[in-house]
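Chains as they are written, first to last, in this note's numbering: chain V, 1 to 346; chain E, 1001 to 1346. From the three backbone atoms N, C-alpha and C, an ideal C-beta is built for every residue, glycine too. What you are looking at is a predicted structure, and each value in this text was computed from that prediction instead of being measured.
Number of protein chains: 2
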Amino acid sequence: MGTEKVTIKDIAAEAKVSVSLVSFVMNNIANGRNIYRVNKDTAQRILEVAKRLNYSPNNAARSLRSGKSYSIGVIVSDISNKFFADIARCIEDRAYKYNYTVFFGSTDENPEKLSHLIEVFVNKGMDGLIIVPCDGAYEAIRRVEKSGVPVVLLDRDVPEQDMTGVLLNNRKAGMQVTSALLDNGCKKVEMVSYSMRLSNIRDREDGFMEAMRNAGHNVDDSMIHKIPYGEMDKMASVISGAYSRGVNGLLFATNTLVQTGLREICSKGLRVPEDFRIAAFDTNDAFELDMMDIIYIQQPASQFGTEVVDLMMKAIDDKVKKDNEGLQTRIILNPRLVEKHPRHPR
Amino acid sequence: MGTEKVTIKDIAAEAKVSVSLVSFVMNNIANGRNIYRVNKDTAQRILEVAKRLNYSPNNAARSLRSGKSYSIGVIVSDISNKFFADIARCIEDRAYKYNYTVFFGSTDENPEKLSHLIEVFVNKGMDGLIIVPCDGAYEAIRRVEKSGVPVVLLDRDVPEQDMTGVLLNNRKAGMQVTSALLDNGCKKVEMVSYSMRLSNIRDREDGFMEAMRNAGHNVDDSMIHKIPYGEMDKMASVISGAYSRGVNGLLFATNTLVQTGLREICSKGLRVPEDFRIAAFDTNDAFELDMMDIIYIQQPASQFGTEVVDLMMKAIDDKVKKDNEGLQTRIILNPRLVEKHPRHPR
DNA sequence: TGAAATTGTTAAAACGTTTTAGTAACTTTG
DNA sequence: CAAAGTTACTAAAACGTTTTAACAATTTCA
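Take a look at the structure:
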């Protein structure tokens, strides 16, 4: 019972041609090219038979022969984080258009996990890797790229080396969101960030500093509170410290930070926006709740997805053509500022 | 430069044996069996060489020859929904233990999309499909199962046919959460649900009705407000209707519904839990915010993941053994009630 | 002691594609 | 009208595994 798989051979028999010809037609005519000068009518006949028999190529055989897997690996820090989940879906949709499939993996900001995932994905024969770098994994990323596997960075940069990637203009975003806090009447603004050395976070911090300076504030490092990743319990003292210093505007560097920060603020019985006005980067299910009074930077998830896949396809293409050796492209996307002030703040 | 892929042939040459022997060893000895009576020492030597050369099997070749792809497809309604995202990660982790890889797809509750995904996944040669059924796609699911592809249901049942699957005891969950609302002093409780015919939602509704009856309330259908999927604008009138009728407890059937419901409640300037006490199923980033006063049913994501993958592995095994024809297993998980009442409600 | 069973190993076919190197059959050139 | 070129097609090798059938060499059995 069931799917007696129809192969290229069945089509060849049915259409009374050789398997080679069928292969040519499937690969080239179907895509608009005709570098193998096949007769128009024969090609048509083959395509018709293929459709009638409901042919679908055997991926394993195709991979084996061509050495390509028609799949890419995507390594993010946490696929269940809303920001990455949204991008993941866009990547998937875009890759589907190129007939590529996508595998996902999460590092939890752990460089060993990242190295492990790179190894697993390379061993599976992925044609390329889209990577969200984490602190301490830069060497591993450089190594796999040097070994000839196309790599495209996402969301964050790798220091001291130009690599192809798609990033947000985080500096600009940091300035925008800080200015918005100040414009909303905050006299004393501080920032809560991670201590990890990640390009996106550093750029957000720089943007914050610059906007503060531009607004005539004296700025120094003590205005940015850095929490080590995984030590969220430090948030309590950060919040109470800020409150005691009379801070009335808080900028959080990521959606995970703002989540914990808000929880802390609530559990202390403090109010938003009366005691603290809140601003953050990325989005979060909670922001959708209209009760939230918040300013945040929305990242263009679907642009991230399409651009990063397009870059990857180009990189894979260039590789088989041995073309473009050592050329890097980087795409910088623009942030979008969202201000939410519910009608009934109460 | 780089990964000159080492094959079984290289190992054979290095260890001075035939490729067949290497294959036997890799497939059987490595897994503890020795059905091919290979010499212990030879086997050891081969394994050592393999490790030294950092061998990793070519998946395409292995698939091609064996007819198995060592991959499974997972079709959920929306992979960016927190509930499914959490389960997805657990499925992935569990499948990895069996050396299987996982592909994901989202239906958005659209039966055509589901049929399409089934076709795509089957054509890709998946060894089995884990499916969250959506309304109207039951025929397609039965068909693919009949055609011989192992199918395991997740989260929801398919009516009028026993199929293998992992489900929550939604009836019990509905009773628990309704009782909790009543215990918290709600005198008049109603439910907001979807109009889709989904087993999990129907069971939750049944549980609600039963708990209400048990508590001595008169119940009828008008106490359950059914919103068509994708017509969330209907929420506004549901909320204001409930408010005008003096309802003070609301049970939402899913995390998407409660999200919209809360937004609506806030934007009307109503308060939680003073005006409405809120209860729901599934979780959500927003629930993590401690400001939320809410009662909800937590589903055991990691159990869902492990059980569903284990069932799948068994189904694939049974299939190659032509064993177990027509036998169905279903696993019913237990809900966990969470009550969150923040210390500083406002 | 000779036949039968067991152990350890290998050769070779097969899986479904892609791609190289060819070959007829025509058509164009000089 | 022969040489060169073009068009339309094919045979066959290759990709890296798994698995069947076979074969020595050794051990067990009667």
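In chain V, which residues lie with their C-beta within 8 Å of the C-beta of E:G989?
-> Since the first residue shown for chain E is 1001 and the last is 1346, residue 989 of chain E is missing from the structure and cannot be characterised.
Between the segment 182 to 199 of chain V and the segment 215 to 235 of chain V, are three or more C-beta pairs nearer than 8 Å?
-> Touching, yes, given that three or more Cβ pairs across the two stretches are closer than 8 Å.
Give the DSSP-derived three-state secondary structure of V:Q298 in the structure shown.
-> Strand.
Along chain V, which residues have their Cβ under 9 Å away from the Cβ of E:S1080?
-> Below the 9 Å Cβ cutoff, chain V contributes K82, A85, D86, A88 and R89 as neighbours of E:S1080, in chain order.
Buried versus exposed call for V:D203 [16 or more other C-beta atoms within 10 Å across all chains shown] | Burial call: buried.
Check whether the Cβ of E:A1286 lies closer than 8 Å to any Cβ atom in chain V.
-> Residue contact check for E:A1286 against chain V: a CB pair falls below 8 Å.
If V:Y296 sits next to V:T283, beta carbons under 8 Å apart, how far is it from one beta carbon to the other, in whole angstroms?
-> Correct: roughly 7 Å between the Cβ atoms.
Starting from E:K1187, trace the alpha helix (DSSP H) both ways and give me its first and last residue.
-> No alpha helix (DSSP H) holds E:K1187; DSSP gives it neither H nor E.
Of all the residues that make up the segment 1090 to 1103 of chain E, which are near chain V by a beta-carbon distance shorter than 9 Å?
-> In summary, the residues of the segment 1090 to 1103 of chain E whose CB is separated from some CB of chain V by less than 9 Å are E1092, Y1096, T1101, V1102 and F1103, in the order they occur in the chain.
Residue of V:Y243, V:A301 and V:K5 minimising C-alpha distance to V:R336 | When only C-alpha atoms are compared, the closest one is V:A301.
Validate contact between the segment 1052 to 1070 of chain E and the segment 123 to 136 of chain V using beta carbons, cut 8 Å, 3 pairs = The segment 1052 to 1070 of chain E is in contact with the segment 123 to 136 of chain V.
Starting from E:C1134, find everything on chain V with Cβ-Cβ shorter than 7 Å and list it in chain order.
-> From the beta-carbon of E:C1134, no residue of chain V is found nearer than 7 Å; the closest lies around 17 Å away.
Kindly indicate if chain V contains any beta-carbon less than 8 Å away from that of E:L1064.
-> Yes, E:L1064 counts as interfacial toward chain V.
With a cut-off of 8 Å on the beta carbons, I'd call V:V132 and V:V76 a contact; round off their distance for me.
-> Yes, they are in contact, since the Cβ atoms of V:V132 and V:V76 sit about 5 Å apart, within 8 Å.
Endpoints, the beta strand (DSSP E) within which V:T101 is located = That run of the beta strand (DSSP E) goes T101 to S106.
Considering only C-alpha positions, which residue in the set V:L114, V:G148 and V:I79 is nearest to E:F1104?
-> For the residues V:L114, V:G148 and V:I79, the minimum Cα distance to E:F1104 belongs to V:I79.
Would the segment 235 to 244 of chain V and the segment 256 to 264 of chain V be scored as touching if the rule is three or more Cβ pairs under 8 Å?
-> Flag = yes, the segment 235 to 244 of chain V and the segment 256 to 264 of chain V touch.
State the start and end residues of the unbroken alpha helix (DSSP H) segment that holds V:H116.
-> Per DSSP, the continuous alpha helix (DSSP H) segment holding V:H116 begins and ends at P111 to N123.
Tell me whether E:D1157 is buried or exposed, calling it buried when 16 or more other Cβ atoms sit within 10 Å of its Cβ.
-> Burial call: buried.
Please compile the residues from chain V whose C-beta is within a distance smaller than 9 Å of the C-beta of E:S1069.
-> Per Cβ cutoff of 9 Å: N59 and A60.
What is the rounded straight-line gap between the Cα of E:I1087 and the Cα of V:G148?
-> One C-alpha to the other measures close to 34 Å.
Bridge-paired residues (DSSP) for V:H225 | Answer is V:V192, bridged to V:H225.
Buried or exposed: where does E:N1248 fall if 16 or more other Cβ atoms within 10 Å of its Cβ makes it buried?
-> Buried, because 16 or more other Cβ atoms sit within 10 Å of the Cβ of E:N1248.
Is the beta carbon of V:S66 sitting closer than 8 Å to the one on V:Y100?
-> No, the Cβ-Cβ distance between V:S66 and V:Y100 is not below 8 Å.
is_contact[E:P1342, chain V] using C-beta, thresh 8 Å = Taking Cβ atoms only, chain V reaches closer than 8 Å to E:P1342, which makes this a yes.
Residues of its chain near E:S1199, where Cβ-Cβ distance is below 6 Å and the 5 sequence neighbours each way are ignored = For E:S1199, where only same-chain residues beyond five positions count, the Cβ hits under 6 Å are R1156 and D1157.
Use the C-beta contact count for E:S1106: other C-beta atoms within 10 angstroms, 16 or more gives buried, fewer gives exposed.
-> With 16 or more Cβ atoms within 10 Å of its Cβ, E:S1106 is classed as buried.
V:A280 bridges to which residues according to DSSP?
-> DSSP, once it has assigned bridges, lists V:F252 and V:Y296 as partnering V:A280.
7 Å Cβ shell around V:M175 - same chain, five flanking residues per side excluded = Excluding its 5 nearest sequence neighbours in each direction, V:M175 has C-beta neighbours in its own chain below 7 Å: G207, E210 and A211, listed in chain order.
Look at the alpha carbon of E:E1014 and the alpha carbon of E:T1007, and state the distance between them as a whole number of angstroms.
-> Each residue's Cα considered, the two are about 11 Å apart.
Presumed contact (8 Å Cβ cut-off) between V:K9 and V:V19, rounded CB distance = Contact between V:K9 and V:V19 holds: CB atoms are separated by about 6 Å, below the 8 Å threshold.
From which residue to which residue does the beta strand (DSSP E) around E:G1165 run?
-> From DSSP, the beta strand (DSSP E) with E:G1165 extends over G1165 to L1168.
C-beta neighbour in chain V for E:Q1259, strict 8 Å | Contacts with chain V at 8 Å (Cβ-Cβ) include E:Q1259.
Return no unless some Cβ of chain E is closer than 8 Å to the Cβ of V:S77.
-> Not closer than 8 Å to any Cβ of chain E, the Cβ of V:S77 fails to qualify, so no.
Proximity test, Cβ basis, 8 Å: E:S1237 and chain V = Not closer than 8 Å to any Cβ of chain V, the Cβ of E:S1237 fails to qualify, so no.
Going along chain E in order, which residues have a C-beta closer than 8 Å to the C-beta of V:S106?
-> What V:S106 touches in chain E: R1089.
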